[in-house]
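Counting with the working numbering, you get residues 20 to 322 for the letters of the sequence shown.
C-beta: ideal position from N, C-alpha, C; glycine also.
Computed from a predicted model, the values in this text were never measured in an experiment.
Since the structure comes first, as structure tokens, the remarks are kept for the end.
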Amino acid sequence: MHIKKKHKVYLCQVNNKYGNNVFLPYSVGLLQAFCQTDPDITNNFEFGDFIYLREDPVKVARKLDNPSVIGISCYIWNWEYCKALAQAVKSQYPECLIVFGGTQAPLRSEGFFVGHPYVDLIVHYEGELVFADILKETLSARPDFTKIAGISVRVEGNQTFKTLPRERILDLTKLPSPYLTGVFDDIMKHSYSFHGSQETHRGCPYACTFCDWGGAIFAKVRAFETERLVQEFEWFGRYKVELLYNCDANYGLLPRDHELTVRMAETKTKYGYPQKFRAAYAKNSNEAVFAIAKVLNDAGMNK
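Next up, the structure:
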């Protein structure tokens, strides 16, 4: 029986390693978890191991198994690494589609590809739905990425074609948890002391001029389901995640955040983990934020 060979996809989110402490690649984990809900993708693509350690980019590129697509999550702390890895992959595999995303990937993309011809696409803002569309478009006989909203495309002469903006994901229940769906199960077999990241909501109602929270400023706040978050606490406890880093722009903004904190502290009592918690609190600090901080302090979790 002939078995169809699947296209290989790699996802990269590199952070620094502190002693034996390593951050789980949460952002690209979300991409994989969502993409694996789509039969067109699961039937045609296979996800390789995550790239999340700061290793020699040339050696990393050489270890890849004939990649068709690589998605690279870019931040200020890994920007130079991302560019070096992209160059190495494009040199080793010229036909590999290289996709940049994350907060450091430029929204003002005009002229970007002239200086960075090894990048093919830039994803702007939320990436889950967009990256799935990109994968499915690669299956076309003649892929046309310019019809996908929310990206910049390298076109002839390394010029930029920026597509129309994409609406925010209003229904976050569409996005499966990479923790609860087993996306990180293989990573957890390694002997690192892992740090985790978690969103309880997306968006920020403020428009502070000094801030760009992933472009989410002055945007409607959308919450993840409470039960999902509590189940993730359990996951962090069972897998002995030392530090839980909250990714909200305003933890404590929603009335339920105090109860979430209590449930998280109960998880530490049960498992001994997560040991510490860190968050960016609601900007207009009030008694609710103080109450949350007291729960954390009493549990010895205040980072």
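Fully contained in the segment 135-193 are the following alpha helix (DSSP H) runs of length 4 or more, in chain order: 147-157. DSSP places Y258 outside both helix and strand once states are collapsed to three, so it counts as coil.
For V149, same chain residues with a beta-carbon under 7 angstroms away, outside a window of 5 residues either side, are V142, I167, G169, I170 and R185 in chain order. Taking I311 as the centre and dropping the five residues before and after it, the same chain places the C-beta of G271, D276, H277 and T280 closer than 7 angstroms to its C-beta, in chain order. Between C101 and I91, the C-beta gap is smaller than 8 angstroms, which places the two residues in contact.
Residue environment: L189 is assigned as exposed (fewer than 16 neighbouring CB atoms within 10 Å of its CB, all protein chains considered). A Cβ-Cβ distance of about 12 angstroms is found for the pair K289 and A318, leaving them out of contact under the 8 angstroms criterion. Every beta strand (DSSP E) of 3 residues or more that sits fully in the segment 192-225 is shown, in chain order, as 212-217. DSSP places C266 outside any beta strand (DSSP E), giving it a letter other than H or E. In this structure, A242 is the residue among S216, H209, Y211 and A242 with its C-alpha nearest to the C-alpha of P224. With respect to K302, N269 sits close: the two C-beta atoms are nearer than 8 angstroms. For L30, the enclosing beta strand (DSSP E) has its first and last residue at H26 to C31. Per DSSP, the unbroken beta strand (DSSP E) holding G90 starts and ends at P86 to S92. Annotation: V240 is outside any alpha helix (DSSP H) and is labelled neither H nor E by DSSP. Distances from the alpha-carbon of P195 to those of P162, Q217, L183 and T179 put Q217 closest. According to the DSSP assignment, R297 belongs to the beta strand (DSSP E) that extends over K295 to R297.
The beta carbon of F180 sits closer than 6 angstroms to the beta carbons of T165, V172 and V174 from its chain, once the five residues preceding and following it are set aside; these are given in chain order. Taking a contact as a CB-CB distance under 8 angstroms, the pair L140 and V108 does not count as one, their CB atoms being some 14 angstroms apart.
In this structure S87 is in contact with C115, their Cβ atoms being roughly 6 angstroms apart against a cut-off of 8 angstroms. Residue burial is scored here from C-beta neighbours: D163 has fewer than 16 other C-beta atoms within 10 angstroms and is therefore classed as exposed. Contact annotation, N40 with E261: C-beta distance approximately 7 angstroms; criterion of less than 8 angstroms satisfied.
Within the DSSP bridge table, the entry for G120 names S92 as partners.
Measuring C-alpha to C-alpha distances from N316 to each of S46, R257 and F296 identifies F296 as the nearest. Using a 10 angstroms sphere on the CB of W96, the tally of other CB atoms stays under 16, which defines it as exposed. Taking 8 angstroms as the cut-off, the beta carbon of K25 is found closer than this to the beta carbon of N63.
Taking 8 angstroms as the cut-off, the beta carbon of L104 is found closer than this to the beta carbon of V79. Contact annotation, Q123 with Y94: C-beta distance approximately 5 angstroms; criterion of less than 8 angstroms satisfied. Rounded to whole angstroms, Q55 and T61 show a C-alpha spacing of 6 angstroms. Leaving aside the five residues that flank D152 on each side, the residues in its chain whose CB is nearer than 6 angstroms to its CB run, in chain order, I167. Your pair Y137 and G215 does not check out as a contact, with CB atoms roughly 31 angstroms apart and the cut at 8 angstroms.
Less than 8 angstroms divides the Cβ of F66 from the Cβ of V28. In the DSSP annotation of this structure, F53 is not part of any beta strand (DSSP E); the continuous alpha helix (DSSP H) holding it starts and ends at Y45 to C54. Here P197 is actually not in contact with L30; their C-beta atoms are around 10 angstroms apart, not less than 8 angstroms.
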